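Following: one structure in structure tokens, then a few remarks.
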Amino acid sequence: MNTFLNELAGYTLNKYSNKLQRIAVVFPSRRAGIFFKRGLAKNIGKPGWSPSVFSMQDFVYEVGNLKPLDDIKLVLELYEIYIKYDRQEFDDFYKWGEMMISDFDIVDKFMVNTEKLFRAIEDIKEIEERFAEELPVEYIRFWKSVLNGKDEVKGEFLRNWKILGHVYREFNSRLSDMGFSYEGMAYRRLAEELKNGKNIGNFDKIIFAGFNGISKSESDIFESLKKTGKAEIFFDADEYYISDNKQEAGYFIRKNLKIFDKAESGRFIINSLLNEEKNITIAGTALNAGIAKSSGVFVNELIDKGLFNESNTAIVLPDENLLLPVLYSIPEEAGEFNVTMGYPFRFSHVYNLFKILRELQRNMIKRNGILLFNHKDIEKVLLHPYIKFSNSKFVFDLIAEMKNNNTAYLNPAKTENRKLTEPDLIEDIFTECNDVFEYIKKIIVSISDEKNQRDKFENEFLYHFYTSINLISDSIREFNIKIKNETIWNIIEKALHGLKVPFSGEPLKGLQVMGLLETRQIDFENVILLSANEGFLPSGGTENSYIPYTLRKAFGIPVNDDESAITAYYFYRLIQRAKNIYILYNTETETGSKGKSRFIYQLNYELCKANKSAKIKELLLTPEISFTKRIPIRIDKSEEILSEIEKLPNYSASSINKYIGCSLAFYFSKIACIEDRKKVTESMDDKDFGSAYHYMMNYVYKDFINKEITETDFKIIKEAFISDYDNIFSETIKHIYNKNNISQEYLPKNLIYKRILKELVLNTLDEDTKKSPFKIIGLEKKLERNLKANINNKEIEVRIKGFVDRIEKKDGVIMIIDYKTGNAKIREYKEKEKDEFFSLLKSSNDKEHSLQALMYVYLLKGSSKELINAGMYYLRGNKKGLITISENYITSDAIKEFENMLKNNIEEIGNPDIPFIQTSDEKVCAWCEYSGICYK
Ligand code: SF4
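Residue 190 in this note's numbering sits at position 190 of the sequence shown; the count goes up by one each step and never skips.
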């Protein structure tokens with residue numbers, strides 16, 4: 001296949017072979033220049049002079065008188081002018097400043113009459129008076145709508161618009177005096193200079209090749225040079241879309257051909273889309289993962305068919321996010337590959353670390369002069385691959401310690417057990433960041449330490465990171481402007497987000513992985529184009545601009561509508577010389593992806609109808625994505641396990657409930673002793689909240705054990721509770737968190753709980769007052785009883801235990817009470833429904849508090865003649881207040897029945913022939929702490 005760049009190289013060599021050193025070839029992008037030079041090398045065959053090759057931007061700076069200034073310096077220079085008109089902190093100005101420069105850039109590239117554009121019209125009559133020439137209707141319409149608008153809106157707009165005009169003029173003259181410029185300014189200046197007769201002496205001929213949507217300044221530059229016989233302009237296009245006015249892909253080339261003679265500049269326009277053989281495969285597949293995987297499948301197909309060689313294939317990614325999955329999908333047989341688009345820095349470990357550090361500093365607090373960091377940020381920092389391996393023991397010990405102590409805020413640099421390697425990375429990180437640049441640089445230096453072995457690519461990222469930070473900090477330090485740390489973080493983040501790290505190595509060899517923009521002027525025989533969905537092809541770009549749409553239209557500044565014509569050109573240009581074309585789109589529109597690209601429909605209904613040699617094949621792919629087969633877990637009772645069961649110290653209501661719910665969960669908890677991984681909570685979790693309530697209730701009743709409490713006593717209890725509540729809450733928090741050094745009670749979320757707890761305790765006291773007088777027999781009592789059961793074919797005495805919150809007595813009946821913060825899960829026992837009740841208890845249904853209440857009665861009863869009842873005091877949820885297991889008390893018959901059930905359960909646990917298995921009740925799994933290891 002002959003490519004555009006090869007043809008151009010051949011032409012250049014033929015025509016200018018004796019003076020190549022006096023020739024410049026200019027492309028819209030640098031990338032095309034690299035491929036063009038390859039074309040030259042192929043054509044020359046021997047060492048010799050080569051023409052100078054430029055991107056348009058480089059050419060303008062090369063032959064013009066102005067030099068580029070980096071982005072951050074431009075904003076700082078602009079700020080110094082802007083504050084003369086509107087006093088603002090740099091932190092507020094920064095993002096508007098960038099937008100302003102981008103507007104000035106486009107205004108200059110399109111040679112807009114800025115006097116006219118930025119003129120603030122106060123009265124519509126002014127338009128006729130001031131402008132002799134005819135004005136675009138959009139311009140008049142725009143100003144009419146402003147002037148007819150509300151006074152305050154009109155006033156605000158006019159004020160800003162005037163400032164914009166002043167700032168534009170001053171900014172231009174300031175930069176010009178310094179010899180610097182932004183891109184558009186340099187383009188406009190060169191276009192004006194050439195019009196005024198400037199001579200570019202370094203070159204005899206300048207070839208501008210492959211341009212599509214050219215700005216007015218570019219067009220003026222081309223025209224001026226052409227008039228003096230210095231330029232040749234060549235377009236890279238296909239007749240198919242330029243000769244049909246309805247084809248948006250040809251919109252700009254058609255416009256260009258009105259300025260530049262087609263007979264000359266159309267030399268490389270081909271007619272391939274309608275005449276050449278095209279094998280087009282259009283494949284729909286699910287999600288990005290499917291697209292990435294399918295790209296590898298098509299590379300394999302090309303290899304299998306013998307159509308693949310080291311330089312004829314490209315995978316084109318309109319969506320950059322697919323880069324990593326695509327790289328993982330390229331089959332080994334494809335050999336080397338080159339990521340032409342550069343590797344986005346934002347996918348790197350070091351960028352991720354930067355973001356984590358930013359959050360760490362943002363959430364840092366000072367308490368009593370002590371610097372503390374949030375546990376979530378600490379964990380993220382410590383587990384980052386660059387940090388984790390610097391001292392793994394310290395990292396994992398500290399994380400475990402934070403979880404066990406429920407530490408919400410901490411300073412890892414001040415912990416005692418820290419034994420660190422030099423340089424002290426942890427100390428560099430967990431410090432107050434006063435100077436963002438110095439803070440980051442110190443950390444980069446530490447992690448770049450030679451002792452850390454990382455691959456070449458990661459070191460490349462670290463190098464680019466360090467260089468970018470230096471560049472930004474040098475720029476900022478030149479200006480004496482106070483900038484908040486938050487803004488500096490923003491500036492760095494923005495610069496790094498768009499940074500691309502080039503792949504080192506041979507860029508022309510191997511399968512090319514590239515963005516759509518990088519494909520300009522480059523041709524491949526095999527093209528695999530991904531993400532062919534609306535939103536990417538074409539992209540629905542957004543315009544951030546001070547200049548309203550109507551004014552942009554009036555002054556010929558590009559608007560979003562032009563964007564889709566540009567993407568259409570990239571699309572058709574990419575396939576015009578290709579032979580084997582694979583186009584992949586995402587079928588899952590409900591996941592946020594938009595529908596199939598309109599370009600696919602155009603291929604189907606227009607191109608393939610017009611070109612009989614174009615074969616189109618449509619597929620729906622289901623790439624094989626293998627899931628690990630889930631094998632049900634079953635733990636047979638080995639001798640070792642049975643011996644552990646024999647040694648179980650006791651059984652409680654919760655362990656029996658756990659077993660009934662899921663025998664495997666019982667095994668994980670009681671036999672394998674796998675503890676639920678505790679999470680650090682910054683405010684009370686449900687468990688802590690329950691403990692706090694329990695602690696307070698004991699506190700209020702502690703002096704009334706074995707005393708009859710009357711209504712008068714309750715009055716005193718409540719008054720004392722209210723007046724001493726601050727102390728009680730502090731004591732409660734210390735009791736829960738077992739800490740005196742950090743005032744957890746002042747954490748904002750805990751302050752909310754403070755109010756709720758007070759309300760709940762007072763509600764409970766009110767409820768208790770209603771049933772007074774009664775006697776409290778015990779608070780927080782441990783109850784125990786032995787039971788003979790057959791375990792592993794041996795009769796063993798097992799211990800049954802329970803821990804009750806309160807035991808009280810009234811009217812001859814003992815009542816055992818447990819406080820519950822969750823929903824009511826209790827069903828009343830009625831003698832006539834005995835069988836149904838016990839069969840419910842044996843199932844894994846929602847009844848666990850019934851079993852618990854009966855267990856308490858069973859434990860307290862022993863050989864006692866007392867009448868006993870039990871109930872749960874529900875604080876929140878579907879039913880509140882005390883709900884008892886029986887209306888009066890539990891009969892001896894019911895207790896016996898319960899004992900039988902309990903014994904059966906325990907004997908089942910000890911039965912060697914019954915394995916521990918996963919439950920079939922999904923409701924149990926939904927709340928199971930072992931779901932992470934069980935994968936049910
Ligand atoms: S996830 Fe379900 S099956 Fe697995 S242990 Fe938990 S409750 Fe049992």
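Note that CB positions come from ideal geometry on N, CA and C, so glycine has one too.
Everything numeric in this text was worked out from a predicted model, so none of it was measured.
Check, Outcome
"Cβ pair count under 8 Å reaching 3, the stretch 307 to 322 against the stretch 394 to 404", "no"
"Near the ligand SF4: C662 beta-carbon under 7 Å from a heavy atom", "yes"
"Secondary structure of Q512, DSSP reduced to three states", "strand"
"Coil, strand or helix - N604 by DSSP", "helix"
"Candidates R573, Y667, D768, Y605, of which the one nearest I914 by Cα", "Y667"
"Those runs of the beta strand (DSSP E) which lie wholly inside the stretch 847 to 886 and span at least 3 residues", "867 to 874, 881 to 884"
"Heavy atom of the ligand SF4 within 7 Å of C673 beta-carbon", "no"
"Residues that E618 bridges to, as DSSP identifies them", "I282"
"Per-residue burial, H849 [other beta carbons within 10 Å of its own, 16 or more giving buried]", "buried"
"Segments of 3+ residues assigned as beta strand (DSSP E) that fall wholly inside the stretch 330 to 376", "337 to 339, 365 to 367, 370 to 374"
"Inside the stretch 261 to 322 only - alpha helix (DSSP H) runs reaching at least 4 residues", "262 to 265, 287 to 304"
"Cβ separation of I207 and V350, assumed to be a contact under 8 Å, to the nearest whole Å", "No, I207 and V350 are not in contact; Cβ-Cβ is about 41 Å, not under 8 Å."
"Neighbour-count burial assignment, P28, 16 or more Cβ in a 10 Å radius", "buried"
"Contact test: Y659 Cβ vs the ligand SF4 heavy atom, cutoff 7 Å", "no"
"Contacts around V924, its chain only, beta-carbon distance under 8 Å, and the 5 residues preceding and following it disregarded", "G661, C662, A665, S844"
"Any non-hydrogen atom of the ligand SF4 within 7 Å of S931 CB", "yes"
"Beta-carbon gap between E784 and K801 smaller than 8 Å", "yes"
"Near the ligand SF4: F916 beta-carbon under 7 Å from a heavy atom", "no"
"Exposed unless 16 or more other CB atoms sit within 10 angstroms - verdict on L8", "buried"
"Environment of G179 [buried if 16+ CB atoms lie within 10 Å]", "exposed"
"Limits of the unbroken beta strand (DSSP E) element including K801", "794 to 810"
"Whole-Å CB distance - R254 paired with I242, under 8 Å assumed", "6 Å"
"Paired residues, beta bridge with M111 - DSSP", "M111 pairs with nothing; no bridge assigned."
"Beta-carbon proximity check, G184 vs K109, cutoff 8 Å", "yes"
"Option in M872, K865, C608, E908 with minimal Cα separation from V804", "M872"
"Bridge-paired residues (DSSP) for F234", "A209"
"Candidates K615, E218, I733, F4, of which the one nearest I259 by Cα", "E218"
"A665: CB within 7 Å of a non-hydrogen atom of the ligand SF4", "yes"
"Residues near S294 by beta carbon distance below 7 Å, same chain, minus five either side", "A283, T285, L584, L621, P623"
"Given 8 Å, three or more beta-carbon pairs between the stretch 730 to 739 and the stretch 693 to 706", "yes"
"Inter-stretch contact at 8 Å, needing at least 3 Cβ pairs: the stretch 475 to 482 / the stretch 47 to 63", "no"
"Reduced DSSP secondary structure (H/G/I, E/B, other) of F783", "The sequence as given places Leu at residue 783; Phe does not occur at that position. The answer is strand: DSSP assigns L783 an E or B state."
"Among W96, E80, A186, K195, nearest to E170 - alpha-carbon criterion", "E80"
"Cβ separation of Y85 and V167, assumed to be a contact under 8 Å, to the nearest whole Å", "7 Å"
"Buried/exposed call for T764, threshold 16 Cβ in 10 Å", "buried"
"Closer than 7 Å: C925 CB and nearest the ligand SF4 heavy atom", "yes"
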